[in-house]
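Student: In my numbering, the protein residues as written are -16 to 407. All C-beta atoms in this analysis are idealised placements derived from N, C-alpha and C, irrespective of residue type, glycine included. Mind having a look at this structure? Questions to follow.
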Ligand code: AMP
Ligand code: GLY
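Set out below in structure tokens:
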């Protein structure tokens, strides 16, 4: 089978690493990929939203299966593009069509979906620029902190949590009137604040049946003790120790089942991953958000724990035969620690040489996030640079190995959090 992965981060390198182990694989391509994927696949210099370029590649390399890493091309309808083109219609695509991808593309759409299907989530109202006064009075009726969400995709930056009412009103106005997040904030969702501990659960569905993948918890803040600015994710742990059997059962019956049934009832075809951001409040799970793809860096701990042949799993998904698969999960804990560029998530330099990667012991696996290969050397090419994944009997043991191996490589101004798991 010839396979194409769209994307360039740690998630895509992890998928490539796992797919590369499959006897079913013939040729593997990643567009655009990074220095890590270059070692195990052919990188193709294409943007993930360049659908015509992707089409040309799929035809010239006779690609059978496309796995879409990030949300952007899904929300832009890449799967629909394949289905509507006679030359591409037979190619299997992992990732939902545009209509269902709106679960991530619009917070308002996701909230309406959850309420329609009685899926537990924070109460909310949504507002447009013409509703400014209504929004102010809604805020006045809430207790702080105030949760404001830009409706559309805002590269993970569209959620504001504010303690002060006047500040919340001002930000609300800036989002709607001054388009603080551009197009994405022409609608703003105001939500009730939920106080609890977060975790994520991942589901792979073929639209008929589904498999529940391991849970994971990521660490979003740049600073130790969960302080400072939000990032794409500074590390992750799987499984989540506080998600015991009883709690997992609640997630399955109250959230996953009604989500899958809701997609069917609403006629939203879905072939791909559903990443459900959850919060545990008084032993009960609530949905914070849906994403229509795998998380990054959660992928770096979830995928390595899957023992099945990933290509077989994707084939079954695309053929709507997922019910024939027996999912096998490694019992051990996996952790990943993300090394980032100095200054991230604000401005940072790119193009810094990374040395010593060859010294990392085989007790960890290195997944490249933002890296670039130039004349045989590896350079930084993003804020999040390299994720170091290890296994252990628990997260402490696994993290110890990752931290040991991080000492073996270096780039100028490298930073990582040394306190992952502190809250568990
Ligand atoms: P989202 O982009 O919707 O995942 O929101 C980003 C982050 O904001 C989440 O990971 C939570 O930490 C926080 N958040 C979002 N909605 C709520 C809420 N209703 N209550 C408390 N925290 C929230
Ligand atoms: N780690 C969070 C995300 O992928 O959105």
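1. Nearest to residue 393 by alpha carbon, out of 384, 361 and 73?
2. Should residue 242 and residue 102 be called a contact, given that it needs their Cβ atoms to be closer than 9 Å?
3. When you compare each of 290, 281 and 329 to residue 216 by their alpha carbons, which one comes out closest?
4. Start and end of the beta strand (DSSP E) containing residue 272?
5. When you compare each of 297, 396 and 289 to residue 333 by their alpha carbons, which one comes out closest?
6. For residue -11, does the count of other Cβ atoms within 10 angstroms reach 16, so buried, or fall short, so exposed?
7. Taking the straight line between their C-alpha atoms, what separation do you get for residue 124 and residue 111?
8. In the DSSP assignment, what are the bridge partners of residue 218?
9. Measure the C-alpha to C-alpha separation of residue 323 and residue 367 and round it to an integer number of angstroms.
10. Is the beta carbon of residue 273 closer than 9 Å to that of residue 319?
11. If you drop the 5 nearest sequence neighbours on each side, which residues of the same chain put their C-beta closer than 6 Å to that of residue 63?
12. Mind checking whether residue 53 and residue 99 have CB atoms under 9 Å apart?
13. Comparing the CB of residue 349 with every heavy atom of the ligand COA, is any distance shorter than 8 Å?
14. Is the region 288 to 306 in contact with the region 1 to 11, if contact means three or more CB pairs nearer than 8 Å?
15. Does the structure place the region 305 to 317 close enough to the region 190 to 200 that three or more beta carbon pairs sit under 8 Å?
16. Please give the ranges of any beta strand (DSSP E) in the region 91 to 135, keeping only runs that are unbroken, at least 3 residues long and fully inside the region.
17. Less than 9 Å separating the beta-carbons of residue 127 and residue 143?
18. Going residue by residue through the region 291 to 342, where are the continuous alpha helix (DSSP H) segments of at least 4 residues, counting only ones entirely within it?
19. Using only alpha-carbon positions, find the residue among 279, 146 and 288 that is nearest to residue 316.
20. May I ask which residues mark the beginning and end of the beta strand (DSSP E) holding residue 205?
21. With a floor of 3 residues, list each beta strand (DSSP E) that falls wholly inside the region 152 to 198, ordered by position along the chain.
22. Count the other CB atoms, across all protein chains shown, that sit within 10 Å of the CB of residue 250; report buried if there are 16 or more and exposed otherwise.
23. Taking 8 Å as the cut-off, does the CB of residue 278 come closer than this to any heavy atom belonging to the ligand GLY?
24. Please indicate yes or no: does the CB of residue 215 lie closer than 8 Å to some heavy atom of the ligand AMP?
Tutor: Once the coordinates are examined:
1. Position 410 of the chain shown, counting from 1, holds the residue named residue 393. Residue 393 has its Cα closest to that of 361, out of 384, 361 and 73.
2. The residue you call residue 242 lines up with position 259 of the chain shown. The residue you call residue 102 lines up with position 119 of the chain shown. Yes, they are a contact pair.
3. As a first step, residue 216 is located in the chain shown; it is residue number 233 there, counting from the start. Selected option, being the one with the closest Cα: 281.
4. As a first step, residue 272 must be located in the chain shown, where it is residue number 289. Counted as a single uninterrupted DSSP element, the beta strand (DSSP E) harbouring residue 272 occupies residues 267 to 274.
5. Numbered from 1 along the chain shown, position 350 holds the residue referred to as residue 333. The option with the nearest alpha carbon to residue 333 is 396.
6. Position 6 of the chain shown holds residue -11. Counting Cβ neighbours within 10 Å, residue -11 comes out buried, since at least 16 surround it.
7. As a first step, residue 124 must be located in the chain shown, where it is residue number 141. As a first step, residue 111 must be located in the chain shown, where it is residue number 128. Their Cα atoms are separated by approximately 18 Å.
8. Locating residue 218 in the chain shown gives position 235, where the first residue counts as 1. Residue 218 pairs with 320.
9. Within the chain shown, residue 323 is the residue found at index 340, counting from 1. Within the chain shown, residue 367 is the residue found at index 384, counting from 1. Approximately 4 Å, taken between the alpha carbons.
10. For the purposes of this step, residue 319 is identified with residue 336 of the chain shown, where counting begins at 1. For the purposes of this step, residue 273 is identified with residue 290 of the chain shown, where counting begins at 1. No, Cβ-Cβ distance for residue 319 and residue 273 is not below 9 Å.
11. Residue numbering aside, residue 63 sits at position 80 when the chain shown is read from its first letter. Correct list, in chain order: 80 and 81.
12. As a position in the chain shown, residue 53 is number 70, starting the count at 1. As a position in the chain shown, residue 99 is number 116, starting the count at 1. Contact flag unset, no.
13. In the structure shown, the ligand COA is absent; the only ligands present are the ligand AMP and the ligand GLY.
14. yes
15. yes
16. 107 to 111 and 129 to 133
17. On the chain shown, position 144 is the one that residue 127 refers to. On the chain shown, position 160 is the one that residue 143 refers to. No, the Cβ-Cβ distance between residue 127 and residue 143 is not below 9 Å.
18. 293 to 301
19. Counting from one through the chain shown, the residue named residue 316 turns up at place 333. Residue 316 has its Cα closest to that of 288, out of 279, 146 and 288.
20. Within the chain shown, numbered from 1, the residue matching residue 205 stands at position 222. Residue 205 -> beta strand (DSSP E) spans 204 to 206.
21. 170 to 174, 180 to 188 and 193 to 195
22. Mapped onto the chain shown, residue 250 falls at position 267. When all chains shown are included, residue 250 counts as exposed.
23. Residue mapping note: residue 278 aligns to position 295 of the chain shown, counting from 1. Checking every heavy atom of the ligand GLY against the Cβ of residue 278, one is found closer than 8 Å.
24. Within the chain shown, numbered from 1, the residue matching residue 215 stands at position 232. Checking every heavy atom of the ligand AMP against the Cβ of residue 215, none is found closer than 8 Å.
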